Amino acid sequence: MVKTELLQKAGDMSQYAGFRHVAYRSGRGKGTEAFEAYNAGGLNFSVTPDKCMDIYYLTYKGINIGFISKNGLVANNYFNTQEGEFLSYWSAGMLSTCGLDNTGPACIDNGVNHGMHGRLSMLPAENICASAQWVDDHYEIYFAGQMRQSMLAGMNLSLKRQISTGLFDKEIRIHDTLENLEP
700 MVKTELLQKA GDMSQYAGFR HVAYRSGRGK GTEAFEAYNA GGLNFSVTPD KCMDIYYLTY
760 KGINIGFISK NGLVANNYFN TQEGEFLSYW SAGMLSTCGL DNTGPACIDN GVNHGMHGRL
820 SMLPAENICA SAQWVDDHYE IYFAGQMRQS MLAGMNLSLK RQISTGLFDK EIRIHDTLEN
880 LEP
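Residues 700 to 882 (the numbering used here) make up the sequence shown, in order.
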């Protein structure tokens, strides 16, 4: 179907595709915000701006594609860099970002405690953008945000993430840009 045909048949494009901005209200995920996106191609997924713009769940035509740990969704206030704690709060999901300071076991380097797989997945996004709109004749669902991992007299890194899909798409496009802001 082309744009004019769809617009003639739909009262609102949210009948076919879009997103909802939600906040989890109970359990260990309480307070975590997400964008729950869906399209006419059968994709349904959640983008979590509170957790590095990661994709928590993903289904295709009602079938789960990702892995959710037995911890379920866990809010950032449970984050702890102590060795062994990662396994108590890691939610997993379809896309769970690791790094930038550590992608392995917890360690102490130059007096800094680096938790297992780093801090990045627990950093909230800034400069968040969420839209569902026509771009010429293509209906696009789009999310973007920037995470900054920094420390006084230390690293200053920026990860910009863009996530998008189209009205009938069976794919999700992810574009990351990593920049070292240290002079």
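Idealized CB from N, CA, C, for every residue including glycine.
For clarity, every value in this text was computed on a predicted model and none was experimentally measured.
Starting from E704, trace the alpha helix (DSSP H) both ways and give me its first and last residue.
Residue numbering aside, residue 704 sits at position 5 when the sequence shown is read from its first letter. Looking at the DSSP string, the run of the alpha helix (DSSP H) that includes E704 is K702 to K708.
Go to L786, then tell me how far its alpha helix (DSSP H) extends in each direction, as first and last residue.
In the sequence shown, residue 786 corresponds to position 87, counting from 1. It spans F785 to Y788 - the alpha helix (DSSP H) in which L786 sits, taken as one unbroken run.
Neighbourhood of F778 by C-beta distance below 7 Å, restricted to the same chain and skipping five residues each side
The count along the sequence shown starts at 1 and reaches residue 778 at position 79. Close CB contacts of F778 within its chain, under the 7 Å cut and outside five residues either way in sequence, are with Y788 and M821 (chain order).
The beta strand (DSSP E) enclosing R872, as first and last residue numbers:
Within the sequence shown, the letter at position 173 stands for residue 872. First-last of the beta strand (DSSP E) with R872: R872 to N879.
To which residues of the same chain is L794 closer than 6 Å at the C-beta, ignoring the five residues directly before and after it?
As a working mapping, residue 794 is identified with position 95 in the sequence shown. Excluding residues up to 5 positions away in sequence, D753 and I754 lie with their Cβ nearer than 6 Å to the Cβ of L794 in the same chain.
How is the beta strand (DSSP E) around G717 delimited, first residue to last?
Here the question's residue 717 lines up with position 18 in the sequence shown. Taken as a continuous stretch (DSSP letters only), the beta strand (DSSP E) holding G717 covers G717 to A722.
How is the beta strand (DSSP E) around Q832 delimited, first residue to last?
Start at 1 with the first residue of the sequence shown, and residue 832 comes out as number 133. First-last of the beta strand (DSSP E) with Q832: E825 to V834.
Just how far apart, CA to CA, sit K750 and Y841?
Position 51 of the sequence shown, counted from the first residue, corresponds to residue 750. Position 142 of the sequence shown, counted from the first residue, corresponds to residue 841. So the alpha carbons of these two residues sit roughly 17 Å apart.
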